[in-house]
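Heads up, the thing below is written out as structure tokens.
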Amino acid sequence: MSPVFRFAPSPNGYLHLGHAYSALLNAEFARRLGGRFLVRIEDIDVTRCKPELVDAALEDLAWLGLQWEGPVLRQSAHFQRYRAVAVDLEAKGLLYPCFCTRGDLAKLAGEYPARDPDGAPLYPGICRHLEPGERARRIAAGVPHALRLDRAKAVKEVEARPAASSAALSWDEVSGERLEITVRLEADPLRWGDVVIVRKECPTSYHLSVVLDDALQGVTHVVRGTDLYEATTIHRLLQTLLDLPAPVYHHHELVKDDAGRKLAKSAASKPLRELRAEGVSAADIRKRFGFS
Ligand code: GLU
Numbered sequence: 033m034s035p036v037f038r039f040a041p042s043p044n045g046y047l048h049l050g051h052a053y054s055a056l057l058n059a060e061f062a063r064r065l066g067g068r069f070l071v072r073i074e075d076i077d078v079t080r081c082k083p084e085l086v087d088a089a090l091e092d093l094a095w096l097g098l099q100w101e102g103p104v105l106r107q108s109a110h111f112q113r114y115r116a117v118a119v120d121l122e123a124k125g126l127l128y129p130c131f132c133t134r135g136d137l138a139k140l141a142g143e144y145p146a147r148d149p150d151g152a153p154l155y156p157g158i159c160r161h162l163e164p165g166e167r168a169r170r171i172a173a174g175v176p177h178a179l180r181l182d183r184a185k186a187v188k189e190v191e192a193r194p195a196a197s198s199a200a201l202s203w204d205e206v207s208g209e210r211l212e213i214t215v216r217l218e219a220d221p222l223r224w225g226d227v228v229i230v231r232k233e234c235p236t237s238y239h240l241s242v243v244l245d246d247a248l249q250g251v252t253h254v255v256r257g258t259d260l261y262e263a264t265t266i267h268r269l270l271q272t273l274l275d276l277p278a279p280v281y282h283h284h285e286l287v288k289d290d291a292g293r294k295l296a297k298s299a300a301s302k303p304l305r306e307l308r309a310e311g312v313s314a315a316d317i318r319k320r321f322g323f324s
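Residue 200 in this note's numbering sits at position 168 of the sequence shown; the count goes up by one each step and never skips.
Set out below in structure tokens:
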């Protein structure tokens, strides 16, 4: 079976050098290992991922000289599929509705200083303790809600599985020229609170869609930045709960700017198209990262 790689940007802005590196690295590994290279557009946030940004992302990737196997999966076209899985998880009692507003969460953050690995306040589980009657009343009244993973229940369920070995919540982190050096890393769900699996304003979340699509597309090697390293714990938990295959992972270094700072997506990192307009060529960018 040939390895399958993917580059999966969320086009809520123009692609920058950090994206270019990740995409080129995935394509390079696919070439070295005789594998396939796919592009997936993670545009579940339909208010921020504008169609012109999606087109621009694909155009920038083509400009970099990348070729991918089509068709490109656009997550915004797959909401029903994600919803069906969430309904199923909810029916199994693994998700619960959370009615907390942004304001509530901000207040709670003051009272409960614990943070998740992303630095966000750890949700203390307020809505997990709601009386079933109260829950039903709020749902009937149309109070907007997200669905959160009952993390303790989820971990218990995974551990109780007859087939579950101690390896169920770990993953193989691979590296080296041909991604062959393997370290087994332990997923640590305790560090995450009850993560949101279905957002209030959209029928899925990054975590749910990413694991479903990696499985749907037969992705064997997930190559992405170290900023998503901690998320792999949630992904392994969901993959195990949903009986999805476990890909191997390689979390690459993030590209730094000239001052050595990380190119945060939200920071003013220059879009590839601006570099292009300034006369930078795709060959210059490939060379900068050591790709021929
Ligand atoms: N769409 C995610 C992002 O742009 C990356 C998803 C992934 O590689 O798992 O940050």
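Each residue gets a CB set at the ideal place from its N, CA and C atoms; glycine is no exception. This one's a predicted model, so the numbers in the text were calculated from it and none came from an experiment.
Here residue 205 is bridged, per DSSP, to 215, 281. Within its own chain, the residues whose Cβ lies closer than 6 angstroms to the Cβ of residue 215, once the five positions on either side in sequence are excluded, are 205, listed in chain order. Secondary structure at residue 230: strand, using DSSP grouped into helix, strand and coil. Collapsing the DSSP output to three states places residue 104 in a strand.
For residue 217, the Cβ stays outside the 8 angstroms cut-off from all heavy atoms of ligand 1.
Residue state for residue 155 is assigned as coil, using DSSP reduced to three classes.
If you draw a 10 Å sphere on the C-beta of residue 266, you find 16 or more other C-beta atoms in it, and that means buried.
Boundaries of the beta strand (DSSP E) around residue 129: 127 to 130. Taking 8 angstroms as the cut-off, one finds at least one heavy atom of ligand 1 near enough to the beta carbon of residue 74. Look at residue 181 here: in three-state DSSP terms it is strand. Residue pairing by DSSP places residue 193 in no beta bridge whatsoever. Less than 9 angstroms divides the Cβ of residue 68 from the Cβ of residue 34. Non-local C-beta neighbours of residue 96 in its own chain, meaning closer than 8 angstroms and more than five positions away in sequence, comprise 52, 55, 56, 304, 314, 317, 318, ordered along the chain. With a threshold of 16 other beta carbon atoms within 10 Å, residue 161 falls short and is exposed. When DSSP states are grouped into helix, strand and coil, residue 288 belongs to the strand group. Three or more beta-carbon pairs separated by less than 8 angstroms are not found between the stretch 216 to 227 and the stretch 84 to 98, which leaves the two stretches without contact. The nearest non-hydrogen atom of ligand 1 is 8 angstroms or more from the C-beta of residue 55.
Looking at the DSSP output, residue 48 bridges to 303.
Between residue 278 and residue 203, the C-beta spacing is below 9 angstroms. Residue pairing by DSSP puts residue 147 in a beta bridge opposite 153. Relative to residue 217, the option among 129, 280, 42 whose CA is nearest is 280.
Within the same chain, and ignoring the five residues on either side of residue 178 in sequence, the residues whose Cβ sits closer than 7 angstroms to its Cβ are 130, 228, 230, 231, 232. Residue 152 has its Cβ no nearer than 8 angstroms to any heavy atom of ligand 1. With a threshold of 16 other beta carbon atoms within 10 Å, residue 171 falls short and is exposed.
By the 16-neighbour rule on beta-carbons within 10 angstroms, residue 236 is buried. The continuous stretches of alpha helix (DSSP H) do not include residue 257, which lies in the beta strand (DSSP E) extending over residues 253 to 257. A distance criterion of 8 angstroms places the beta-carbon of residue 260 in contact range of ligand 1, judged by its closest non-hydrogen atom. In terms of side-chain proximity, the C-beta atom of residue 206 is found no nearer than 8 angstroms to any non-hydrogen atom of ligand 1. In terms of Cβ geometry, residue 269 and residue 187 form a close pair [threshold 9 angstroms]. The Cβ-Cβ distance between residue 258 and residue 283 falls below 9 angstroms.
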